[in-house]
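Protein chains in written order, with the numbering used here: chain A, 505 to 524; chain B, 36 to 275.
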């Protein structure tokens, strides 16, 4: 799978929403 | 309860929209459906009068999403006393638009040989969720960031004993698409999108904790007045 940076971006979003 | 269809979204059971006592003996029950891109108003007409009913026609008032009959109301034979007929009226969304209160209110006029009758009904917003409502992941992230925080609404969906996969599949059959899924500190975070027939996008975050039947739904939309109705759609889809 191509690492387009989006996987990481979604992980950051989910993390920021759980621990703002 | 209602039925889910293989190729379409949840369909509520028919409800009485026009009682016979308010329409000189004509009783109308109905529900709304969406199947493979086509919206219909499914109707049941019953003649509770003493005379035959003929010459049926239907018209909608202007409404928030331009819902309109896509064909005439076709009752092929006169409706005898005590007779019931089932009809499916195809709808489109290219009618005149006027914002209604509530947003999903539809005012309908039905005529027959006896008189003209009026009633109002509320349609579930999920009949307006289009099949190509899965937003591109990059676009999702950019849009999520772009929509201001004051446009975010949060809701609790209580007593919903589904696991994440079942919930996601159920929502997808009503055109609510999971764009990404993450697990943070034991809870599943689903990032989802849907698009309304008028092109309005709604972005969602659905939080599901294993073993906890209460979900948290956060909605972001540039037209925040639709959020309440989208939440209602989630409730209906997940609990049926």
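Every residue gets a Cβ at the ideal spot worked out from N, C-alpha and C, and that includes glycine.
Euclidean distance between Cα positions of residue 248 of chain B and residue 191 of chain B: Cα-Cα distance, rounded: 10 Å.
Could you pull out every residue in the same chain whose Cβ sits closer than 6 Å to the Cβ of residue 242 of chain B, ignoring the five residues on either side in sequence? 222, 224, 251
What's the C-alpha gap between residue 76 of chain B and residue 126 of chain B? 7 Å
Say whether chain A places a C-beta atom closer than 8 Å to the C-beta of residue 36 of chain B. Unreliable positioning characterises residue 36 of chain B in this predicted model, as indicated by a pLDDT of 43, which lies under 50. The coordinate reading is nonetheless provided below. By this cut-off, residue 36 of chain B is not an interface position.
What residues in the stretch 259-272 of chain B bring their beta carbon closer than 9 Å to a beta carbon of chain A? none
Using CA atoms only, rank isn't needed, just tell me which of B:74, B:55, B:266 is closest to residue 83 of chain B. B:55
Quick one: does residue 172 of chain B have its CB under 8 Å from some CB of chain A? Residue 172 of chain B belongs to the set of residues whose beta carbon lies under 8 Å from a beta carbon in chain A.
Is it true that the CB of residue 137 of chain B sits closer than 8 Å to the CB of residue 124 of chain B? no
Nearest to residue 279 of chain B by CA position, among B:114, B:122, B:101, B:97, is which residue? This structure gives no information on residue 279 of chain B, because the portion of chain B shown stretches from 36 to 275.
Closer than 9 Å, Cβ to Cβ, to anything on chain A: give me those residues from the stretch 234-251 of chain B, in chain order. Close to chain A, meaning a Cβ-Cβ distance shorter than 9 Å, are the following residues of the stretch 234-251 of chain B: 240, 242.
Cut-off 7 Å between Cβ atoms - residues of its own chain near residue 255 of chain B, not counting five sequence neighbours on either side: 179, 182, 186, 187, 238
Alpha carbon to alpha carbon, how far is residue 156 of chain B from residue 208 of chain B? Residue 156 of chain B and residue 208 of chain B have their C-alpha atoms roughly 24 Å apart.
Residue 36 of chain B burial status per 10 Å Cβ neighbour count (16 or more: buried): Reliability of the predicted coordinates at residue 36 of chain B is poor, the pLDDT of 43 falling under 50, and no value is obtained from them.
Buried or exposed, going by whether 16 or more other CB atoms sit within 10 Å of the CB of residue 115 of chain B? exposed
Any idea what DSSP makes of residue 110 of chain B, helix, strand or coil? coil
Express the C-alpha separation of residue 165 of chain B and residue 72 of chain B in angstroms, rounding to a whole number. 7 Å
For my contact list, residue 61 of chain B and residue 117 of chain B are in at a C-beta cut-off of 8 Å; report their separation, rounded to the angstrom. No, residue 61 of chain B and residue 117 of chain B are not in contact; Cβ-Cβ is about 13 Å, not under 8 Å.
Between residue 68 of chain B and residue 145 of chain B, how many whole angstroms is the CB-CB distance? I'm expecting something under 8 Å. Contact flag wrong, Cβ pair sits at about 19 Å.
Could you check what DSSP says for residue 279 of chain B in three-state terms: helix, strand or coil? As shown, chain B starts at 36 and ends at 275. That puts residue 279 of chain B outside it, with no answer to give.
In this structure, what does DSSP give as the bridge partners for residue 193 of chain B? Partner(s): none; residue 193 of chain B has no beta bridge.
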